[in-house]
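Top line first, the protein sequences correspond to chains A and B.
Mapping to the UniProt record's numbering: the first sequence position 101 is 101, numbers consecutive.
Mapping to the UniProt record's numbering: the second sequence position 88 is 88, numbers consecutive.
All C-beta atoms in this analysis are idealised placements derived from N, C-alpha and C, irrespective of residue type, glycine included.
It should be emphasised that the depicted structure is a prediction, and the values quoted were computed from it without experimental measurement.
Written below as structure tokens is the structure these notes are about.
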Amino acid sequence: MSYFAKIFILLIAATIFPIMAMIVPLIIQPRQPNKEKNSQYECGVDTVGRNIIRYRISYFLYAIIFVVFDVETIFLFPWAVKFNDLGLFALVEMFIFAGILAIGLAYAWKKGALTWK
Amino acid sequence: MNNDLNPALFYFLAAVMLLSALAIVYCRNLVYSALFMVVCFLSIAGLYAMISADFLAAVQIMVYAGTIVILIVLCIMITRRTTMERTNMPEKKYILRASVLAGLLFFLLAYIFVNSEVLPTTNNIIALSGDTVSGLADLLLGHYMLAFEIAAVLLLAAMIGAVVLAKGADEK
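Written out as structure tokens, the structure reads:
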């Protein structure tokens, strides 16, 4: 069996499992609905005002920093896999790479983009 | 490694990809479009996995399905709208321009694919297969090291640009 076939089987199992978890309650659940049960936040606090509002731009800053470091991980991964063969030069290269990104993080920190007001 | 392109799996993934791409365009609710984008990106990752581009498939899932879509959903969240209904309406006035561009792109791609010799036939898939990640590491940190460092500068520019734009908007 090939490498990807195993992943594919895992994917199928991971898809079937939540579907079964939804189907089985549909079959065996007792149905006694009332107004409180049918409300969206049965156990929570009722919403005040509209729920579609503009969110603060700070969320976007976190997101963009997340994207940048996600892409950095992508670059780190092949380097980490071949770490033993690549040697010192690649280590220096990777430090330069991470250093350039650290400048960005330091800039964001300095500008207060990471503090929550 | 799986070296034979299973036609049934290929057509299944291609159909899922095309249908979800159509759903991205035709969903009237932007959030649904963004979520269909996840399906589209995942099926593209499946196609990459089928041609043994395992690292590319992982990147497709991690960066595109995992991150870019989150970014798009966040962008929907930080823009002002009263309701999510009818937020992705087709723009009638752009249909002609869009179809001309799409047609041009189609013929360009068809021309490239017909004339190209690097199509994923079974032969060069076998040549590609094996450990793609370590081959990539050799190229990335060896021959293409300048491009690699420039990629870091590009990411830095994106980060600083976002901070400058967002702080400007915050102080207003």
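For A63 (chain A), which residues in chain B fall below 7 Å Cβ to Cβ? In chain order: I70, L71, L74.
Please go through the segment 43-76 of chain B and give each complete alpha helix (DSSP H) segment of 4 or more residues, from N-terminal end onward. Within the segment 43-76 of chain B, the complete alpha helix (DSSP H) runs of at least 4 residues are 54-59.
Measure the CB-CB distance between T67 (chain B) and L30 (chain B) and report whether it falls below 9 Å. Taking 9 Å as the Cβ cut-off, T67 (chain B) and L30 (chain B) do not qualify as a contacting pair.
I'd like to know whether the C-beta of L167 (chain B) is nearer than 9 Å to at least one C-beta of chain A. The sequence given here has Lys at residue 167 (chain B), not Leu. Taking Cβ atoms only, chain A reaches closer than 9 Å to K167 (chain B), which makes this a yes.
What's the call for G44 (chain A), buried or exposed, on a 16-neighbour Cβ count within 10 Å? The residue is exposed, with fewer than 16 neighbouring Cβ atoms inside 10 Å.
Three-state secondary structure (DSSP) of L26 (chain A): Correct three-state label for L26 (chain A): helix.
Between the Cα of M37 (chain B) and those of B:S52, B:I61, B:V69, B:E91, spot the shortest distance and give me the residue it belongs to. Minimum Cα distance to M37 (chain B) is reached at B:V69.
Is any beta-carbon of chain B found at less than 9 Å from that of M22 (chain A)? Chain B places no beta carbon closer than 9 Å to that of M22 (chain A), leaving this residue out of the contacts.
Under 8 Å, with one C-beta from each stretch per pair, do the segment 64-73 of chain A and the segment 93-104 of chain A reach the 3-pair mark? Touching, yes.
Kindly say whether F107 (chain B), judged by its beta-carbon, lies nearer than 9 Å to any beta-carbon of chain A. Cβ-Cβ to chain A under 9 Å: no for F107 (chain B).
Tell me which residues share the same chain as R81 (chain B) and place their Cβ nearer than 8 Å to its Cβ, disregarding the 5 neighbours each side in the sequence. T87.
According to the neighbour-count rule (16 or more other Cβ atoms, all chains shown, within 10 Å of its Cβ), is Y11 (chain B) buried or exposed? Using a 10 angstroms sphere on the CB of Y11 (chain B), the tally of other CB atoms stays under 16, which defines it as exposed.
Do Y55 (chain A) and I78 (chain B) come within 9 Å of each other at the CB atom, strictly closer than that value? In this structure, Y55 (chain A) lies closer than 9 Å to I78 (chain B) by Cβ.
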